[in-house]
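Here is the structure we will look at.
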Ligand code: B12
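Residue numbers (the working numbering): 9 to 155.
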């Protein structure tokens with residue numbers, strides 16, 4: 009049987025809007041992912057540590073606070089420092105289109121998805137990016153870095 013993809017759904021900073029993140033966590037779980045939801049108010053450092061410890065295949069960051077241009081680049085810098093430069097990062101929430109473009113083009117975010125994006129599209133993108141990462145970084149057997 010195929011090993012399920014592992015996803016972290018993260019809420020960085022002071023943002024208290026958690027509905028979207030919980031909806032996404034549930035949709036991924038229902039689609040067969042193993043999901044780790046960080047809970048509210050995590051620092052970039054905590055999020056990257058969770059990605060390392062949980063040996064994940066995709067990171068989903070939800071932000072509705074307006075702090076995305078500070079917090080997302082910081083998460084990406086810390087991922088690189090932790091040796092997870094290739095881990096796909098999806099971002100969603102309230103992100104103006106110009107910022108979304110910058111996050112993708114200048115910071116290497118895999119995709120930005122806002123309100124109204126069908127859950128099926130979010131799940132399909134997470135699956136495609138996570139699967140690609142797993143095969144490229146962890147090898148065809150999909151064995152994790154730990155164990
Ligand atoms: C409900 C709500 C609240 C609730 C939150 C309850 C909760 N536990 O979540 C309460 C009343 C607490 C609240 C408070 C505030 N809010 Co409010 N809130 C909203 C509101 C009306 C709806 C958000 C929501 O729950 N939507 C439903 C969920 C399911 O949708 P979603 O979060 O957008 O997620 C979907 C997509 O965005 C996407 N998605 C989300 N995350 C991710 C991540 C990834 C990786 C992907 C791929 C996709 C994805 O998929 C989800 C499913 O479709 C929005 C306005 C709006 N229409 O969006 C304002 C809004 C987000 N709030 C806003 C503000 C300003 C505030 C306050 C600062 C107000 C104040 N002055 O006190 C506070 C901040 C509180 C805090 N500590 O953060 C602003 C944010 C402005 C900005 N960022 O530029 C908004 C946009 C309202 C506005 N138009 O001004 N809020």
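All residues carry an ideal CB built from backbone N, CA and C; glycine is no exception.
Span separating the alpha-carbon of residue i from that of residue j
i	j	result
residue 102	residue 89	27 Å
residue 46	residue 17	6 Å
residue 75	residue 19	11 Å
residue 155	residue 14	Because residue 155 sits at a pLDDT of 35, beneath the cut-off of 50, its placement in the model cannot be relied upon, and the following sentence gives the value as read from the coordinates. Computed Cα separation, rounded: 15 Å.
residue 85	residue 21	16 Å
residue 118	residue 140	12 Å
residue 109	residue 71	16 Å
residue 78	residue 48	17 Å
residue 23	residue 145	32 Å
residue 26	residue 100	12 Å
residue 142	residue 81	23 Å
residue 57	residue 12	21 Å
residue 96	residue 147	16 Å
residue 10	residue 39	13 Å
residue 53	residue 87	9 Å
residue 120	residue 91	23 Å
residue 94	residue 116	9 Å
Residue i: CB within 7 Å of a non-hydrogen atom of the ligand FAD
i	result
residue 131	As for the ligand FAD, it is missing from this structure, which binds only the ligand B12.
is_contact[residue i, chain B] using C-beta, thresh 8 Å
i	result
residue 45	In the structure shown, chain B does not exist; there is a single protein chain.
Beta-carbon separation (whole angstroms), residue i vs residue j, contact threshold 8 Å
i	j	result
residue 43	residue 37	5 Å
residue 32	residue 130	6 Å
residue 35	residue 127	4 Å
Where residue i falls, given that 16 or more other Cβ within 10 Å makes a residue buried
i	result
residue 123	exposed
residue 29	buried
Where in the segment 12–76 do unbroken runs of the alpha helix (DSSP H), each at least 4 residues long, occur, reported from the N-terminal end onward?
27–38 and 52–62
Inspect the CB distances between the segment 54–62 and the segment 128–142 and report whether three or more fall short of 8 Å.
no
Entirely within the segment 118–154 and at least 3 residues each: give me those beta strand (DSSP E) ranges in chain order.
119–121
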